[in-house]
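If you read the protein sequences in the order shown, they are chains V and H. The first sequence begins at 1 in this note's numbering and counts up by one. The second sequence begins at 1001 in this note's numbering and counts up by one. In this text, a Cβ means the ideal position worked out from N, Cα and C, and glycines have one as well.
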Amino acid sequence: MSESFHAHLLEFLQQLINGLAFGSILALIALGYTMVYGILRFINFAHGDVFMLGAFAGFYLAPKIAVVFPLPSIAGALVVMISAMAICAALGVFIERFAYRPLRRRPKLTVLITAIGVSLFLEYAGQFFFGAAPKKFPEILPVLPVTQIGGLSLNSNQIIVLAVTLLLLLALRFIVLKTKIGTAMRAVSYNPEAAALMGVNTDVVISFTFALGSALAAAAGILWAINYPSIDPLMGILPGLKAFVAAVLGGIGNLPGAALGGIIIGVTETFVSGYISSTYRDAIAFAVLILILLVKPSGLLGKKEIEKV
Amino acid sequence: MNFRHAKTVLLGASALACLASLLADRMNPYWLYIFYDIGIGIVMAVSLNLINGYTGQFSLGHAGFMAVGAYTAAVITNQFGELNFLAANGVFAVALLAGGLTAAVAGLLVGIPTLRLRGDYLAIVTLGFGEIIRVVLQNMDQVGAARGLSVSHGWTNLFWTFGLAAVTVYVVTSLVNSTYGRGFIAVHDDEVAAEAMGINTTKYKVTAFVVGAFFAGIAGGLYAHSKQFLTPGGFGFMLSITFVVMVILGGMGNTLGVILAAILLTLLPEGLRMLSGVNHLPGLTVERPLAWIGDTRMIIYSLLLILLMLTRPQGLFSFRRKRN
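Okay, here's the thing in structure tokens:
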């Protein structure tokens, strides 16, 4: 009796760790959605594809970086990740500058369709340049032997995903709450006109937001590729959608909400596919979202906006 | 498009469709299928325009309703073997109607959350419903699950496609231009003011979803009997996006513009394919000066989309100043 209870508990904990690892990757992508939404009030549909490009940047950089930092190694993996983040940050700024900025005074729907256009462009261009067939992501991290803690098998990659996510979240929190540019971000998100009148350069703040969000997406792309090493140009669509759902779930525009939403979606999806049915896993995120929005239309941590007439 | 002329247009279009279907035997089958796609695109875009354009809601799940209609109609017609002309068209009509009604029920289910949600939240919930429909179909063994469902009869023809496109245009324009239909536009312009004037905004929003879904279901039936093979993956979120793009390029709430955009956006990828020299017209050998387009045609398509939004954000065919 207690033996079987122990086995169930172990399986439960195992699923929880899998779910947390998956959820923290979603959380990193969701943060990008929510930051852009918080400032520009529009859904950056191309964000999932920036995540994909992050993974591909790692794929193409790894052999070059291996010349200086032998791979797999922790230092080398770190360099790969940081370079991918830098590339995607530049790309995010570029996309905003040329596709979204000319439309800033236009209706949100126009910008949304442009974002969809950018997303399609990145996917098709990716298929053209990288090839549509899945590629095997190189091993950039030394695979430590699976650790056994009381019968629980811990994959070193999962621990690294959790640790890196936690570090990035703390760094983001520091940037947003303690630095000058972070204060400016919050000011623009609160009221762009008033912030501009107070001398905040909104263009710089918006570019910085895109850089930050895209860098987080690239980090998520590398972490994803380390855990699920098959990458292809369309890999960003589903994680992108789920991360967006996570951002809405937590209350879009709210940073802790996005992280919480990502974790909730990741854990629920893992549990449902582990215990109930794995074929329904892609519908779980949306079912959770609809249920929560029916009860709390502004998301878990979102503020209810009072409509003024 | 004025209401007074709508009936004439409807009759004319149906007659034209009837006539064209007589000539269909002589047409190149490749073009014929493109014409079907155009007709289906018109039904989808015009019905979505009722929800997104006139009523000002934002639905990203129109392909889901299409899937419901397609599978329902296909399951019904698959019960029958070879039928004579009259019986076949009778069964087809019933199947299309059934597909439309099932999709309308799905529309009612999606319409209910719209009572509480607005803007982006509504968009993501409709997207979610579309994805859920796809995943449910993927798990239904009775309709072939992920393997897909083959449809026994290729009953879609020019008469049904363009006749039903004309009916859709007629119903949507006369609905919006009727006294009752002013309510849709009122909800679009200012929901709070509309409510203050005693308009039942909830009823209008749900009506828009149900009517829109009904026609999407019918388009699904046409699609099923034109392609004769259905896979759940084909009705993903990208297909919904295609129709949203048609509505926005046409100019939200501008039926004529939306029709033109549906035609243009169906022809554009095919046109790029032809320019690149993949020769679908036997006997017509052309120089292939643009052969390089081949692999890049979808890249060009997406770039054109971005360019169009940057240069004509009010819609390609919108020449009036939009009311604000």
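Chain V contact for residue i (CB, 8 Å cutoff)
i, result
"Leu1305 (chain H)", "yes"
"Ser1302 (chain H)", "yes"
"Asp1189 (chain H)", "no"
"Leu1310 (chain H)", "yes"
"Glu1131 (chain H)", "yes"
"Met1298 (chain H)", "yes"
"Leu1117 (chain H)", "yes"
"Ile1040 (chain H)", "no"
"Pro1113 (chain H)", "yes"
"Tyr1121 (chain H)", "yes"
"Val1245 (chain H)", "yes"
"Gly1128 (chain H)", "yes"
"Ile1199 (chain H)", "no"
Proximal residues of chain V, C-beta to C-beta of residue i below 8 Å
i, result
"Gln1057 (chain H)", "By Cβ distance, chain V contributes nothing, its closest Cβ being about 12 Å from Gln1057 (chain H), past 8 Å."
C-alpha gap between residue i and residue j, whole angstroms
i, j, result
"Leu10 (chain V)", "Val1091 (chain H)", "57 Å"
"Leu260 (chain V)", "Pro1029 (chain H)", "53 Å"
"Pro1282 (chain H)", "Thr1114 (chain H)", "Interpretation of Pro1282 (chain H) is limited by its pLDDT of 47, a score under 50 that renders its predicted location unreliable; the figure taken from the coordinates is listed afterwards. For Pro1282 (chain H) and Thr1114 (chain H), the distance between alpha carbons rounds to 50 Å."
"Ser230 (chain V)", "Phe56 (chain V)", "11 Å"
"Val310 (chain V)", "Ala184 (chain V)", "For residue 310 (chain V) there is no data in the structure shown, the boundaries of chain V being 1 and 309."
"Trp35 (chain V)", "Ala287 (chain V)", "In the sequence as displayed, the identity of residue 35 (chain V) is Met instead of Trp. C-alpha separation (whole angstroms): 24 Å."
"Gly1012 (chain H)", "Phe1162 (chain H)", "11 Å"
"Ile947 (chain H)", "Ala1067 (chain H)", "Because chain H in this structure spans residues 1001 to 1324, residue 947 (chain H) falls outside the shown range and cannot be described."
"Trp1155 (chain H)", "Ser278 (chain V)", "37 Å"
"Asn254 (chain V)", "Leu212 (chain V)", "15 Å"
"Thr1255 (chain H)", "Met1027 (chain H)", "29 Å"
"Arg1288 (chain H)", "His47 (chain V)", "Any reading at Arg1288 (chain H) must be qualified, since the residue scores a pLDDT of 49, below 50, and its modelled position is unreliable; the value itself is stated next. Going from the Cα of Arg1288 (chain H) to the Cα of His47 (chain V) covers about 37 Å."
"Gly23 (chain V)", "Ile17 (chain V)", "10 Å"
"Val1105 (chain H)", "Thr1207 (chain H)", "11 Å"
"Gly1253 (chain H)", "Leu1048 (chain H)", "10 Å"
"Gln1314 (chain H)", "Gly1251 (chain H)", "6 Å"
"Ser1150 (chain H)", "Val1169 (chain H)", "30 Å"
"Asn227 (chain V)", "Gly266 (chain V)", "14 Å"
"Phe174 (chain V)", "Ile1038 (chain H)", "53 Å"
"Tyr1036 (chain H)", "Ala1166 (chain H)", "13 Å"
"Pro192 (chain V)", "Val204 (chain V)", "12 Å"
"Ser156 (chain V)", "Trp224 (chain V)", "14 Å"
"Ala1262 (chain H)", "Gly1233 (chain H)", "22 Å"
Residues that DSSP places opposite residue i in a beta bridge
i, result
"Ser153 (chain V)", "V:Gln148"
"Ser230 (chain V)", "V:Lys136"
"Leu1230 (chain H)", "H:Leu1149"
Chain H contact residues for residue i, given Cβ-Cβ distances below 8 Å
i, result
"Arg101 (chain V)", "Simply none; closest approach about 10 Å."
"Arg106 (chain V)", "Pro1313"
"Gly261 (chain V)", "Within 8 Å Cβ-Cβ: nothing; Gly261 (chain V) doesn't reach chain H, min ~12 Å."
"Leu294 (chain V)", "Pro1113 and Arg1116"
Within-8 Å CB hit, residue i to chain H
i, result
"Leu31 (chain V)", "no"
"Arg97 (chain V)", "no"
"Thr110 (chain V)", "yes"
"Ala246 (chain V)", "no"
"Thr114 (chain V)", "yes"
"Pro297 (chain V)", "yes"
"Leu168 (chain V)", "no"
"Gly253 (chain V)", "no"
"Phe271 (chain V)", "no"
"Ala287 (chain V)", "yes"
"Ala84 (chain V)", "no"
"Ala12 (chain V)", "Just to set this straight, residue 12 (chain V) is Phe in the shown sequence, not Ala. It does not: the Cβ of Phe12 (chain V) has no partner Cβ on chain H nearer than 8 Å."
"Ile43 (chain V)", "yes"
"Phe128 (chain V)", "yes"
Neighbouring residues, chain V, relative to residue i (Cβ below 7 Å)
i, result
"Asn1139 (chain H)", "Thr279 and Tyr280"
"Val1211 (chain H)", "Under the 7 Å cutoff, chain V gives no residues; its nearest Cβ is about 21 Å from Val1211 (chain H)."
"Ile1241 (chain H)", "Ile116"
"Val1206 (chain H)", "What Val1206 (chain H) touches in chain V: nothing, since even the nearest Cβ is about 15 Å away."
Contacts that residue i makes with chain H (C-beta to C-beta distance below 7 Å)
i, result
"Tyr124 (chain V)", "Met1298, Ile1299 and Ser1302"
"Phe210 (chain V)", "By Cβ distance, chain H contributes nothing, its closest Cβ being about 16 Å from Phe210 (chain V), past 7 Å."
Any chain A beta carbon closer than 8 Å to residue i
i, result
"Val36 (chain V)", "In the displayed structure, chain A is absent; the protein chains listed are V and H."
Partner residues on chain V for residue i, Cβ-Cβ distance less than 9 Å
i, result
"Phe1237 (chain H)", "Ile237 and Leu241"
"Ile1076 (chain H)", "By Cβ distance, chain V contributes nothing, its closest Cβ being about 25 Å from Ile1076 (chain H), past 9 Å."
"Ile1185 (chain H)", "Within chain V, no residue comes near Ile1185 (chain H); the closest Cβ sits about 17 Å away, beyond 9 Å."
Chain H residues whose Cβ lies nearer than 9 Å to that of residue i
i, result
"Ala62 (chain V)", "The premise fails here: Ala62 (chain V) is roughly 26 Å from chain H at the closest Cβ pair, so nothing lies under 9 Å."
Check: In chain order, which continuous runs of the alpha helix (DSSP H) of length 4 or greater are located wholly inside the segment 1090-1149 of chain H?
Finding: Qualifying alpha helix (DSSP H) stretches, in chain order: 1119-1138.
Check: What are the complete alpha helix (DSSP H) segments, minimum 4 residues, inside the segment 1046-1087 of chain H?
Finding: As summarised for the segment 1046-1087 of chain H, the continuous alpha helix (DSSP H) elements at least 4 residues long and confined to that stretch are 1062-1077, given in chain order.
Next item on the list: Only counting runs of 4 or more residues, tell me where the alpha helix (DSSP H) segments fall wholly within the segment 6-34 of chain V, in order along the chain.
Entry: Residue ranges of uninterrupted alpha helix (DSSP H) with 4 or more members are absent from the segment 6-34 of chain V; none lies entirely inside it.
Next item on the list: Please list the segments of the alpha helix (DSSP H) lying wholly inside the segment 1199-1262 of chain H, counting only runs of 4 or more residues, in order along the chain.
Entry: Here the runs fully enclosed are 1201-1227 and 1237-1250.
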